[in-house]
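A quick write-up on the structure given underneath.
Protein chains: 2
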Amino acid sequence: MSTDVFAALASPVRRELTALLLDGPRPVNDLAAHFTMSRPSVSEHLKVLRDAGLVTEQRHGRQRIYRLEPAPLRELSEWLTPYERFWRERLAALRELLDEDDL
Amino acid sequence: MSTDVFAALASPVRRELTALLLDGPRPVNDLAAHFTMSRPSVSEHLKVLRDAGLVTEQRHGRQRIYRLEPAPLRELSEWLTPYERFWRERLAALRELLDEDDL
DNA sequence: TTGACAGGTAGGAAATCACCTACATATCAT
DNA sequence: ATGATATGTAGGTGATTTCCTACCTGTCAA
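So the sequences go chain by chain: A and B. Residue numbers for the first sequence follow our numbering, beginning at 1 and rising by one. Residue numbers for the second sequence follow our numbering, beginning at 104 and rising by one.
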């Protein structure tokens, strides 16, 4: 998986941006309004998300509409799969232990 | 979710470490052997993983056995849940579109 | 055409990161 | 007690990140 998906999501600002885009595509100013930081900084965060493939932009007049892309998130989920198996095993082992000792 | 789980996993070295620990607990030297970088640097990466709660250490003689912890990974999976719903919708929409146009 | 608006880019400063080597600490074996 | 082993910490350096304030470009409206 592209290393930059994790790196892109490592910033709370960028996670907030992806969360906002979950409700639907939005222009930059609309997104920037949710932050106290300057608009150019938000633009830079969007560039990181773009480079990671997490969002795409579509020009619409003088606006650029940003849209969330599902593929990298799905890859992240796939990366997580073996760990999911791992924690289920751990949970099952814990339950088994409790059953043995307590009753 | 703790911001540092994403940040901790943003490094390929640390993702490799967690992958190694998926096979079971290991001492530091064993882990460090998989990398070309110096052992102290690996130690520092382990500290980042520890601070994120992704691993715990257990002293055993002069070794420290590192073990993967399931909780933060499960939190990551939970964070992903709404996006999972999102990409399923997108996929369904795409299929619907294909059905309409092609046949 | 001129001005306002949307948004990207440049350049710079402060903070953080990722390495390194040297060193400190604790444990085990002799 | 002494030396070897396992590992963390200190301190430094260069690269990267994250923010800022200008500034540039393209589009719409009057």
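Note that CB positions come from ideal geometry on N, CA and C, so glycine has one too. It should be emphasised that the depicted structure is a prediction, and the values quoted were computed from it without experimental measurement.
Apart from the five residues just before and just after R293 (chain B), which ones in its own chain have a Cβ nearer than 8 angstroms to its Cβ? The shown model of chain B, from 104 to 206, leaves out residue 293 (chain B), and the question about it has no answer.
What's the C-alpha gap between P72 (chain A) and T18 (chain A)? When rounded, the distance between both Cα atoms is 12 angstroms.
Unbroken alpha helix (DSSP H) runs of length 4 or more, entirely within the segment 21–61 of chain A: which are they? If we require 4 residues or more, the alpha helix (DSSP H) runs fully inside the segment 21–61 of chain A come out as 28–32 and 39–51.
Contact list for the segment 76–94 of chain A against chain B, Cβ threshold 7 angstroms: Under the 7 angstroms Cβ criterion, the segment 76–94 of chain A contributes L76, S77, L80, P82, Y83, E84, F86, W87 and R90.
Out of B:L152, B:L183 and B:L197, which one is the CA nearest neighbour of R15 (chain A)? The residue with the shortest Cα to Cα distance from R15 (chain A) is B:L183.
Please list the residues of the segment 3–35 of chain A that have a C-beta atom closer than 7 angstroms to any C-beta atom in chain B, keeping them in chain order. Sequence-ordered contacts of the segment 3–35 of chain A with chain B read T3, F6, A7, L9, A10, P12 and L22 [C-beta pairs closer than 7 angstroms].
Per-residue contacts from R50 (chain A) into chain B (C-beta, under 7 angstroms): For R50 (chain A), none of the residues of chain B pass the 7 angstroms Cβ criterion, the least Cβ distance being about 17 angstroms.
When the Cα of Y186 (chain B) is compared with those of A:G24, A:P12, A:A10 and A:V13, which residue comes out closest? Ranking the options by Cα distance to Y186 (chain B), first place goes to A:G24.
P70 (chain A) CB to nearest chain B CB: under 7 angstroms? At a cut-off of 7 angstroms between beta-carbon atoms, P70 (chain A) makes contact with chain B.
State the Cα-Cα distance for the pair D51 (chain A) and L9 (chain A), rounded to the nearest angstrom. If you take the alpha carbons of D51 (chain A) and L9 (chain A), they lie about 12 angstroms apart.
Give the residues of chain A in contact with L176 (chain B), contact being defined as C-beta atoms less than 9 angstroms apart. Within chain A, the residues placing a beta-carbon under 9 angstroms from that of L176 (chain B) are L80, Y83, E84, F86 and W87, ordered along the chain.
Cβ-Cβ distance between E69 (chain A) and L91 (chain A) below 7 angstroms: Cβ distance not < 7 angstroms, so E69 (chain A) and L91 (chain A) don't count as in contact.
Nonlocal neighbours in the same chain, by C-beta distance under 7 angstroms from S43 (chain A), ignoring five residues either side: Shown here for S43 (chain A): same chain residues with a beta carbon closer than 7 angstroms to its own, the five before and five after excluded, namely V28 in chain order.
In whole angstroms, give me the CA-to-CA distance for E89 (chain A) and E78 (chain A). Approximately 18 angstroms, taken between the alpha carbons.
Alpha-carbon spacing of A110 (chain B) relative to T139 (chain B), whole angstroms: Taking the straight line from one Cα to the other gives about 22 angstroms.
If we ignore side chains and look at the alpha-carbon of each, how far apart do A32 (chain A) and P12 (chain A) end up? Computed Cα separation, rounded: 14 angstroms.
Check the DSSP bridge columns for L68 (chain A) and list the partner residues they point to. Its beta-bridge partners are A:V55.
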